[in-house]
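See structure below.
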Amino acid sequence: MHTLPKELLFNIRNSFGKVFLCIICLSEKKRVFLPPNCNIFFHSMKIKFYFLIATLAILQSCKKNPASHPDSSLRENGEEIYTEALTIAVDTTAATFENLPILDTHYKKGIQSETYTYYIQNGGKTRWLYKDIPSRLFKEYLSVLDSVANDGLVPETYRRTALKKAVDSSYAHQLSDDYKASLDKEITASFLLFTKHLTSGRFTRIAYGKHTWRKPKYDAQKNINLLLHIGDKTSLAGIITPLFPHNKQYEQMKALYKQLKQQVVDTFITVDFPAKDFVYGYTAPIVVQLRNSLKQKGFEAAPEIEAQMVDSTLIRTVQRFQKSNGLTADGLLGKQTLYFLNMNKTRERDLLQLNMERMRVFNNDLGEHYALVNIPDFKLSLFHKDSLQFQTRVVVGRTETSTPIFTDTIRYVEFRPTWSVPQSIIKKEMLPQIISQADPEKYQKRGYTMYEKGKKVDPTTIDWTDPSVHKRGFHFVEAPSANNSLGLVKFILTNDMSIYLHDTPSKYFFQRDDRALSHGCVRVQNPNELAYHLLKNEATETPWTLEKVNEAMNGKRSQYRIALKTKYKINILYYTAFIDENGELTLKNDIYDLDNEQLKEIKRFES
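Those letters in the sequence shown? Residues 0 to 606, per numbering that gives the first Met the number 0, in order.
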């Protein structure tokens with residue numbers, strides 16, 4: 000049997016019902032359409048002969064002048080060339096993109112602009128819909144949207160049902176190509192919003208009060224490229240999947256979120272106990288309710304004498320409960336203690352949804368070496384190829400001087416550093432203390448040198464009673480010592496917020512459960528071990544050992560700086576719900592009160 004391995008001829012019916020004969024050179028992906036009714040000439044042998052000669056010439060031309068197409072490598076059979084031939088021209092007039100229905104009003108203009116740019120860059124043709132059928136990609140997109148509900152996303156945010164209904168209707172009622180082209184724009188806008196939400200999140204603000212949320216910079220062209228690089232045979236799921244975090248932590252959170260979503264009734268007992276009444280000897284029926292609530296959480300407090308009385312066992316049980324949730328174990332029923340005590344499954348589900356969103360926002364490539372600081376957990380973890388190498392406690396910023404949430408790189412380690420005091424601390428704390436205490440030498444006694452316009456200044460020569468003294472540009476620099484505010488080593492990052500990691504002379508802070516105590520920088524409990532892990536792989540004449548690090552910290556050389564050749568990315572994050580090493584859900588105190596505000600932002604899509 001003879002076959003045509005490289006050439007294919009087939010008929011295509013256009014929108015006017017006319018039949019065209021299409022000659023395809025499959026090896027070169029080139030097609031030529033011959034005039035309608037050309038077959039009537041085949042009755043003439045002479046015409047047949049000329050037609051054969053012309054056909055051979057066309058096929059030879061295919062080989063000599065191969066056509067190029069951005070997706071040519073993806074179209075390998077007649078069926079896909081057929082669908083490519085039936086793409087619809089899209090009106091790329093800018094005004095036609097201004098009324099695209101986009102449910103996220105915060106991103107609306109940006110997505111309209113991206114949609115316009117996409118069609119300009121793809122040659123003004125449809126991507127999802129063809130003249131006679133919707134593409135396979137559209138059907139796969141619907142499946143992708145259906146699958147993300149367990150990630151805490153809402154398919155209807157991207158108009159899943161409305162688009163499916165409109166597309167089905169357009170083909171069932173043979174609506175115009177212009178309508179389908181317009182509908183194709185809506186699908187593209189939906190897709191670009193979806194991928195933007197995956198990579199940039201649904202949070203609309205970069206700050207919540209005094210709390211900075213500096214998420215990775217969004218790249219609009221990169222988002223558009225996701226769609227530009229999709230061919231007829233591309234797996235859409237294969238394009239979308241890398242946008243999600245791929246780690247055990249995220250998968251466990253997703254599985255638990257799915258489980259909690261399926262839980263219909265929440266029968267949890269809540270208690271509203273006045274804090275002032277929770278003292279030894281207080282007796283009331285609400286004390287029994289408190290005991291039952293603690294028992295639900297796994298903290299049973301058997302009554303010593305009377306179940307309705309607050310006794311020492313109940314107070315100690317409250318302390319154990321507080322400690323397990325990262326709270327100060329003071330045995331008082333304060334706001335945060337009651338918050339965790341009344342935590343029900345619905346709230347746990349919402350917190351999982353919120354913290355999966357936070358994980359997606361900071362789902363950046365950290366490379367082989369990276370560090371993570373989880374602010375509510377007060378811990379720093381160092382990883383190599385996703386394997387935990389080192390972990391230590393940290394102190395983070397107070398509520399009024401909070402540590403920003405952001406991604407950065409550790410540039411260098413500096414032993415025995417000086418501390419140039421930020422102007423915010425000088426103006427808000429140091430100068431007012433000098434004036435109120437009438438002690439010009441207050442900071443000089445503690446190892447600080449004062450400068451003005453780059454020159455050293457004797458603080459006793461300043462008239463501190465002069466009201467204009469606050470306007471003068473004083474600078475304070477603390478000399479290296481074990482009592483230096485930065486301790487004996489600091490770890491410098493690249494940001495413009497003066498945020499970095501450092502040692503501290505105030506070691507007792509690390510014994511506290513609530514360690515939101517700094518001016519914004521991250522204080523490290525075991526800075527010598529952190530320095531060792533950062534430096535041990537650096538190429539030096541004598542390798543960095545823990546002993547060598549300790550010598551550098553306690554030696555005579557000041558401001559001893561070592562630039563890191565091994566780049567360590569660092570994510571300073573804010574996770575109030577995560578799965579611990581035992582596979583259990585862990586909830587942390589929302590120290591910056593971000594949870595409720597950010598939950599409102601993502602819940603607005605569920606109404």
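Note that the Cβ used here is the ideal one computed from N, Cα and C, for glycine as well.
CB contact flag (residue i, residue j, <8 Å)
i: Val-488; j: His-501; result: yes
i: Met-252; j: Asn-354; result: yes
i: Pro-375; j: Tyr-573; result: yes
i: Leu-141; j: Arg-126; result: no
i: Val-393; j: Gln-524; result: yes
i: Ile-87; j: Lys-130; result: yes
i: Leu-313; j: Ala-188; result: no
i: Gly-472; j: Pro-526; result: no
i: Arg-201; j: Phe-604; result: yes
i: Ile-571; j: Ile-404; result: yes
Distance, residue j Cα to residue i Cα
i: Ala-206; j: Phe-272; result: 34 Å
i: Gly-582; j: Lys-247; result: 10 Å
i: Tyr-118; j: Pro-215; result: 26 Å
i: Asn-121; j: Thr-240; result: 23 Å
i: Pro-284; j: Lys-587; result: 30 Å
i: Asn-595; j: Tyr-559; result: 44 Å
i: Ser-423; j: Leu-152; result: 40 Å
i: Leu-563; j: Lys-164; result: 56 Å
i: Thr-116; j: Asn-149; result: 31 Å
i: Lys-62; j: Thr-233; result: With a pLDDT of only 44 at Lys-62, under the threshold of 50, the placement of this residue in the model should not be trusted; the figure read from the coordinates follows. Looking at the two C-alpha atoms, the distance is approximately 26 Å.
i: Cys-106; j: Leu-182; result: Before going further, note that residue 106 is Tyr rather than Cys in the sequence given. The straight-line gap from Cα to Cα measures roughly 20 Å.
i: Leu-365; j: Leu-128; result: 38 Å
i: Glu-483; j: Asp-103; result: Residue 483 is actually Asn in this sequence, not Glu. Each residue's alpha carbon lies about 49 Å from the other.
i: Tyr-447; j: Ile-433; result: 13 Å
i: Asp-161; j: Asn-343; result: According to the sequence shown, residue 161 is Ala rather than Asp. So the alpha carbons of these two residues sit roughly 34 Å apart.
i: Ser-683; j: Ile-409; result: Residue numbering for the chain in the displayed model covers 0 to 606; residue 683 lies beyond these limits and cannot be assessed.
i: Ala-551; j: Tyr-369; result: 24 Å
Residue range of the unbroken beta strand (DSSP E) whose run includes residue i
i: Ser-517; result: 515–517
i: Asn-291; result: No beta strand (DSSP E) contains Asn-291, which is instead part of the alpha helix (DSSP H) from 284–295.
i: Ala-180; result: First-last for Ala-180: 176–199, but that is the alpha helix (DSSP H), not the beta strand (DSSP E).
i: Met-449; result: 447–451
i: Ile-569; result: 559–572
i: Phe-475; result: 473–477
Exposure label - residue i; buried when at least 16 CB within 10 Å
i: Thr-464; result: exposed
i: Thr-194; result: buried
i: Tyr-442; result: buried
i: Ala-300; result: buried
i: Thr-398; result: exposed
i: Asn-324; result: buried
i: Gly-519; result: buried
i: His-245; result: exposed
i: Gln-262; result: exposed
i: Asn-553; result: exposed
i: Ala-644; result: Residue coverage of the chain in this structure runs from 0 to 606, which leaves residue 644 outside it and unanswerable.
i: Ile-132; result: exposed
i: Lys-659; result: This structure gives no information on residue 659, because the portion of the chain shown stretches from 0 to 606.
i: Asn-609; result: For the chain, the structure presents residues 0 to 606; residue 609 sits outside this window and is missing.
i: Gln-321; result: buried
i: His-228; result: exposed
i: Lys-184; result: buried
Residue i (DSSP reduced to helix, strand or coil)
i: Asp-609; result: Because residue 609 is not part of the residues shown, which for the chain are 0 to 606, the question remains open.
i: Val-548; result: helix
i: Gln-390; result: strand
i: Val-278; result: coil
i: Glu-250; result: helix
i: Tyr-115; result: helix
i: Ser-607; result: Summary: the structure shown does not reach residue 607, with the chain confined to residues 0 through 606, and so no result is reported for it.
i: Val-420; result: coil
i: Thr-345; result: helix
i: Met-496; result: coil
i: Asn-610; result: Here the chain has residues from 0 to 606 only, and residue 610 is not among them.
i: Asn-362; result: coil
i: Ser-380; result: strand
i: Glu-528; result: helix
i: Tyr-625; result: This structure leaves residue 625 out entirely; the chain is present only between 0 and 606.
i: Ala-644; result: Look at the range of the chain in this structure, 0 to 606, and you will see that residue 644 is not part of it.
i: Lys-29; result: Reliability fails at Lys-29, whose pLDDT of 42 lies under 50, so the model's placement of it is uncertain and the value that follows must be treated cautiously. Lys-29 falls in the strand class under three-state DSSP.
Delimiting residues of the alpha helix (DSSP H) encompassing residue i
i: Ser-142; result: 135–146
i: Asn-595; result: 594–602
i: Ile-434; result: 430–435
i: Val-521; result: Taken as a continuous stretch (DSSP letters only), Val-521 belongs to no alpha helix (DSSP H), being part of the beta strand (DSSP E) at 521–523.
i: Arg-126; result: Per DSSP, Arg-126 belongs to no alpha helix (DSSP H); it is in the beta strand (DSSP E), 124–129.
Chain D contact for residue i (CB, 8 Å cutoff)
i: Thr-565; result: No chain D appears in the structure shown, which is made up of a single protein chain.
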